[in-house]
Every structure is written in C-alpha cells, then in structure tokens.
C-alpha cells in the first residue's frame, strides 16, 4: 500500500511540474507574440508611410514673405541756368553808310535786313545809281550805300547837296508829273532827262514809269518866301526953303 501511495505521489508531482512547464511555455509564447506584435506596430507607425506623423503632425507656419522696399532716390531737378542776353547797342546811323554785298543778298533782302520800309528798294536804287533798276543785279563783294533810318525818297525831300553833278537816281513818275516839274525837283533839265532816258517825246510820260534823273545839273534858284511882298521905294519929299 505504501508503494502505491508513493507512485501516485510521484505521478501527481510530475503532472504538476508538467502543467507548470506548459503554463510557462504558453505564457512565454504569448509574451513573445505580444512583443512581436508591438514591434511590428511600432515599425508600421514609424515606417515610410509614417501614419503616426499624420496623427501628431503640427501645423507648420507658412513663412510670410516680407518685401523690403528699395529706396530709389527721387531725381533731383537740376536748375537750368538761363543766361541773361547781353544787350548790344547798335548805333543808329544818321547818314547813308556802306555795306558789302554777301552771299544770297538781294535788294529785297537788304531792305528787309535794315528795315528800310516799303520804299527800301527805291531808296537803294536812288543811292546806288550804278545798279541797273531793271535787273537790280548786285554782286557778292560789291559795296553799296544803305540809306539811314528815316530817310525819305528824293521825290518828297530835297536831294542831298553832296551828290556829284550828273549822278543818276531812279524816279517813278507820279500823277500830274511833268518833265519840267521833275527837273525842278532834282536840279536837272528837261533835255538832260530826255537824253538820259532816250525819250522820243518829252510829253509822253506815264504814271509808274521809271526814269533815271541826272541830278544837280543846274544851280538851284533861291525862291522868295511866299509871304514876302515887294516894297516900292518912296522918294524923299523935298523941303521948301523960303526966299529972302
């Protein structure tokens, strides 16, 4: 009976140890499975897809672009220096003066240059009898006389006394003109005017006709003032002497 009891005790002890071993084995395997599962979970969460990053992602602030203004200097206005024109005083001629003909000059342009007025060309022709009044040709380098400002045509004022005898000046026939009246104006004679202009008839002149008048051919005659009246001399009255 004792052998049976000891055999059953050994078997019972063996079974307990086996159960303990199986339990430990099961717990060990379960622990290994749990650890493996946790490792796989961690690997998956932190792997290339990184789902964990999306769960715990934080908003990354978008950088604000701050534009730094470039200071462009404003253009500085440079003051323009206005030169004060120098006033050149041109002396006013009181008598005709000489002028040398320049390139592209004509009697018309010269009359304009010196502000000779509407009668400028006639004045130039009167002072320069060597210029052909028909063609009015002048040459570069030629010296001509320019009338002084305010000078009038010889038809309205006495001709200058310093013009040489026989100097020809142009004259345009005016209404009511006669050769005798023209000759009187220029201290000339009818015959001299006829010869200078090859006139066939001394009375056949017309308004607007251009004549060449030889001046100072005669000495001007002094005329009596129109207000003077000739006085007749009165003989003295004889005194009576009583006879003794």
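Numbering (the numbering used here), first residue to last: 1032 to 1275. Where a beta carbon is used, it is the ideal one built from N, C-alpha and C, also for glycine.
Short Cβ contact (9 angstroms threshold) for residue i with residue j
| i | j | result |
| --- | --- | --- |
| residue 1208 | residue 1177 | no |
| residue 1241 | residue 1224 | no |
| residue 1246 | residue 1198 | yes |
| residue 1184 | residue 1157 | yes |
| residue 1127 | residue 1164 | no |
| residue 1171 | residue 1133 | yes |
| residue 1130 | residue 1175 | yes |
Enclosing alpha helix (DSSP H) for residue i [first to last residue]
| i | result |
| --- | --- |
| residue 1154 | 1151-1158 |
| residue 1215 | 1210-1216 |
| residue 1138 | 1138-1144 |
| residue 1236 | No alpha helix (DSSP H) contains residue 1236, which DSSP labels as neither H nor E. |
| residue 1223 | 1221-1228 |
Residues that residue i bridges to, as DSSP identifies them
| i | result |
| --- | --- |
| residue 1245 | 1199 |
| residue 1176 | 1129 |
Buried versus exposed call for residue i [16 or more other C-beta atoms within 10 Å across all chains shown]
| i | result |
| --- | --- |
| residue 1159 | buried |
| residue 1140 | exposed |
| residue 1042 | exposed |
| residue 1214 | buried |
| residue 1182 | buried |
| residue 1261 | Confidence in residue 1261 is poor, its pLDDT being 48 and thus under 50, which makes the residue's placement unreliable; the coordinate value appears in the next sentence. Classification of residue 1261: exposed, given that the 10 Å Cβ count is below 16. |
| residue 1217 | buried |
| residue 1059 | exposed |
Opening and closing residue of the beta strand (DSSP E) in which residue i lies
| i | result |
| --- | --- |
| residue 1128 | 1128-1131 |
CB contact below 9 angstroms: residue i versus chain B
| i | result |
| --- | --- |
| residue 1051 | Among the chains in the structure shown there is no chain B, since it carries only a single protein chain. |
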